[in-house]
Amino acid sequence: MITPRFECSQTSESVIIQIYCPSVRAADVEIHVDDTLFTVHINPYFLRLNFSHSILEDEESMAKYDPSSGYLTVTLTKESKGEVFTDLDLLSKLLAPRPSQHAPLIEVVGQEDADPEDDLIARTNALSLEQEDILLAAENDWQIPQEVPTADPPITTTITAKYGFLNLHWGYFKHVSHTENEVNELGSDAETCTVQERRRRRWQHENEKWDEEHYMADFADDEYIRELIYWKNPRVLDSAPFQFTEEENLALLNLPRKEYLTDAHQITSLYLTLISILFSYTYDARTTQGDSTPESAWTICSLVPAFSALDPPPYTASTSASSTPSPSDLAACLSQSYRRCLCFPLYRSFLLAEACQADVAALFSLGKRAIVRCLLETKYILEHHEVYYVYSKIWLEDFCVWVQASASDDTLRGIGAALKGLRVAKSAIDWDLEELEAATQDVQARQADSDDESDEDEVARQL
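Positions 1 to 463 (UniProt numbering) are the ones given, in order, by the sequence shown.
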């Protein structure tokens with residue numbers, strides 16, 4: 001039996017248990033309530049919880065299964081309304097069996113002379129804990145051992161790891177060592193790296209590429225960077241009635257005809273990945289002022305963690321059943337884009353990153369058609385690169401299809417509004433940006449004072 005992921009909450013009258021059990025039949029759910037004990041079985045999942053106070057399964061109780069999110073929500077009535085159930089967040093305590101009411105199975109009183117029954121007694125005493133639990137379960141006590149479920153990846157029977165849009169792709173990096181793919185941060189292990197290893201390597205590579213002096217130099221001498229910040233992206237300002245061009249319509253017709261089966265977690269991941277893609281697109285647009293260069297493909301791919309390290313969001317351990325990203329998901333996703341634009345490309349400015357975030361918020365607020373247009377432009381840039389076209393194949397092609405067919409304009413505009421009001425803290429980048437900026441300003445102030453004194457000395461000498 002598999003112990004599913006779960007979480008508990010309460011109201012003044014009820015206890016609510018949310019259980020993640022995807023791809024099951026709701027008709028097969030078996031729920032049992034006995035005083036403080038709650039058990040649910042739905043093949044292959046089994047969960048037994050022991051609460052601090054008594055619960056009831058009455059007319060007000062209910063169970064609802066949402067196949068799109070994979071969550072079973074069970075609402076049970078408190079026997080004493082208004083009673084506070086303690087330690088609902090201590091999952092190990094909830095999973096612990098209640099004290100056994102059984103007498104010891106075998107009691108050894110003494111042992112004097114060897115007896116034919118002694119061997120049987122010794123072997124019985126040597127029963128493992130698992131065997132004893134099976135005996136208890138046979139008496140309908142259901143004290144099957146359980147552990148708090150972890151986020152460990154499922155056991156796989158192959159060393160090949162999938163990646164790309166909804167993990168639908170593999171095999172694109174088998175010969176990556178023979179190509180000049182400067183974006184790939186996994187090297188020849190791209191086809192076998194686990195999700196955890198991809199993220200670890202990406203984080204390590206970002207820390208290695210971080211250059212304090214480069215950041216401080218751009219912070220001190222930001223005249224040209226401010227020009228980039230003041231530049232207005234026509235894709236964001238376009239207020240005319242939307243209409244795809246003939247070239248864009250042809251590109252849309254050449255897209256594959258696909259349908260995608262997604263759960264809430266995957267939809268959240270797609271919206272967040274879309275944010276990081278558009279962030280890289282707007283960064284390249286600003287730094288080239290809308291006129292892409294031969295370096296644009298490298299810039300775009302370097303700024304997207306899902307491209308360079310095959311590491312898409314979310315970057316938080318969220319258990320929400322909603323398909324809309326939470327504020328913490330949005331902040332974590334943006335902070336990763338900020339990190340990358342501060343350690344890889346030529347212009348490394350926090351203010352420039354904030355300008356890109358504002359562009360992304362505006363694009364989301366314009367809806368799916370404006371976003372598809374930007375995706376098509378990004379796809380065109382990558383497809384015409386002899387190495388980085390691969391990221392168009394495993395990400396952008398599917399995104400162009402999905403955004404048209406499945407993305408919700410209401411959700412996109414809601415994300416746009418959230419991004420507009422969200423501020424990424426410099427402390428979230430983990431590189432002491434505020435201290436570096438303060439040190440740079442201090443040096444500039446001392447240099448200005450020194451220049452003033454030099455000017456005064458020169459005037460005095462002339463007099």
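Glycine residues also receive a C-beta, built at the ideal position from the N, C-alpha and C atoms. Here the structure is a predicted model, which is why all the values come from computation and not from measurement.
May I ask you to report which of helix, strand or coil DSSP gives residue i?
i: Ala-407; result: coil
i: Gln-10; result: strand
i: Ala-332; result: helix
i: His-265; result: helix
i: Leu-136; result: Any reading at Leu-136 is ruled out, since the residue's pLDDT is 46, under 50, leaving its predicted position unreliable.
i: Thr-287; result: helix
i: Leu-49; result: strand
i: His-175; result: coil
i: Arg-373; result: helix
i: Val-15; result: strand
i: Leu-127; result: Residue placement at Leu-127 is flagged as unreliable, the pLDDT there being 45, under the threshold of 50; a coordinate-derived value is accordingly withheld.
i: Ile-159; result: coil
i: Tyr-347; result: coil
i: Tyr-20; result: strand
i: Thr-5; result: Residue 5 is actually Arg in this sequence, not Thr. In this structure, Arg-5 counts as strand in the three-state DSSP scheme.
i: Gln-447; result: helix
i: Ala-114; result: The predicted position of Ala-114 is uncertain, since its pLDDT is 49 and thus under 50; no value can be drawn from it.
When every heavy atom of the ligand PLP is checked, does at least one fall within less than 7 Å of the C-beta of residue i?
i: Val-443; result: The model on display carries no ligand, and the ligand PLP is accordingly not part of it.
Output the boundary residues of the beta strand (DSSP E) element that contains residue i.
i: Lys-53; result: Looking at the sequence itself, residue 53 is His, so the reference to Lys does not match. Neither: His-53 is in no beta strand (DSSP E) and is coded neither H nor E.
i: Thr-75; result: 71-78
i: Asp-34; result: 30-34
i: Val-40; result: 37-42
i: Ala-63; result: 62-66
Taking residue i as part of the alpha helix (DSSP H), name the residues at either end of that continuous run.
i: Glu-223; result: 223-230
i: Gln-204; result: 195-209
i: Trp-298; result: 296-303
i: Leu-186; result: Unbroken run through Leu-186: none, as it is neither H nor E.
i: Phe-350; result: 350-366
i: Val-424; result: Per DSSP, Val-424 belongs to no alpha helix (DSSP H) and is neither H nor E.
i: Phe-219; result: 212-220
i: Lys-93; result: 91-95
i: Asn-249; result: 246-253
i: Pro-234; result: 234-237
For residue i, count neighbouring Cβ atoms within 10 angstroms of its own Cβ and tell me buried if that reaches 16, exposed if not.
i: Lys-174; result: exposed
i: Gln-441; result: exposed
i: Asn-249; result: exposed
i: Ile-17; result: buried
i: Glu-185; result: buried
i: residue 468; result: This structure leaves residue 468 out entirely; the chain is present only between 1 and 463.
i: Pro-241; result: exposed
i: Lys-78; result: buried
i: Tyr-281; result: buried
i: Leu-168; result: exposed
i: Leu-293; result: The amino acid at residue 293 is misidentified as Leu; the sequence shows Thr. Under this definition Thr-293 is an exposed residue.
i: Ile-267; result: buried
i: His-265; result: buried
i: Arg-257; result: exposed
i: Thr-299; result: buried
i: Gln-204; result: exposed
i: Phe-6; result: buried
i: Gln-336; result: buried
i: Asn-181; result: buried
i: Leu-90; result: exposed
i: Tyr-45; result: buried
i: Glu-247; result: exposed
i: Thr-194; result: exposed
i: Gly-421; result: exposed
i: Tyr-224; result: exposed
i: Leu-253; result: exposed
Original post:
Is the stretch 429-443 touching the stretch 210-218 in the sense that three or more CB pairs, one from each, lie closer than 8 Å?
Top reply: yes
Is there contact here, the stretch 375-395 with the stretch 345-356, by at least three beta-carbon pairs under 8 Å?
no
Count the CB pairs spanning the stretch 365-372 and the stretch 323-343 that are closer than 8 Å, and state whether there are at least three. no
task = Decide if the stretch 283-290 is in contact with the stretch 224-237; the criterion is three or more beta carbon pairs, one per stretch, under 8 Å apart.
result = yes
Across the stretch 82-97 and the stretch 20-33, are there enough close Cβ pairs to call them in contact, namely three or more that are closer than 8 Å? no
Task: Touch test, the stretch 28-43 against the stretch 52-59, Cβ-Cβ under 8 Å, three pairs minimum - done: yes
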